[in-house]
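Below you'll find the structure, written out as C-alpha cells, and then a few comments.
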Amino acid sequence: MLTDEDRDLLRRPLHGYLTVAPRPGVRPVTRPVWFGLTDAGVEVFSLARSPKVRRVQEDPWASLVVAAPEGEAERWVAVSGAVTVQAEGAADLARDLAATYWDLAEPDKAAALAAMVAEPLVRLVIAPDDVRRGA
C-alpha cells in the first residue's frame, strides 16, 4: 500500500500531523507529532493519559499526514487506518525519535527526554487501510 516514494518521505525526520476521531459533537484537532515508519505502517508515542489515547481506545482510527518541507517539490502522504495502543516499546520509540529529531548532547533536550520517558507512555500504531498522496 505504501510506495517506495512514500516510504522515502516517511523515513525522514519530518513532523507528522496526527488526527484521531473526535468525541461525538466535537470537532477534530490535528496535532504535530514525531513518528516512525514500521514494516506494517507508522507509529507515534504519547503519554498514556493523553486525551488522544482515550479517543483511539474508544474509536480506533487515526490519520497521519506528512509533507515535504519548504524548498522542496511539493508532495505529501496521508496514512489512515486502524490504531492499536501498545505499552510495549513506547519508551524505546520515544528515545529513538528524540535522537532523530533532537541533539541529545544539549542538556535541556536530554533532560526533556528523561522526563518524558519517566512518564507512562504508549505507542499508537497505525495500520494503513487508506494511503493518499499528492504532489
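According to our numbering, the sequence shown is numbered sequentially starting from -7. No residue lacks a Cβ here, since even glycine has one placed at the ideal position from N, Cα and C.
- A straight line joining the alpha-carbon of PHE37 with that of GLN49 spans about 14 Å.
- With contact defined as three or more Cβ pairs closer than 8 Å, the region 105 to 118 and the region 57 to 65 are not in contact.
- VAL12 places its beta carbon 9 Å or farther from that of PRO5.
- DSSP links LEU39 through a beta bridge to LEU113.
- Using a 10 angstroms sphere on the CB of PRO112, the tally of other CB atoms stays under 16, which defines it as exposed.
- THR11 carries a strand assignment under DSSP once its states are collapsed to helix, strand and coil.
- Just so you know, the alpha carbons of ALA74 and LYS101 end up roughly 32 Å apart.
- For the pair LEU2 and VAL45, the CB atoms are not nearer than the 9 Å cut-off.
- Taking the C-beta atoms as reference points, VAL117 is found nearer than 9 Å to ALA32.
- Nearest in C-alpha terms to ASP121, of all of VAL25, VAL34, TRP26, ASP95, is VAL34.
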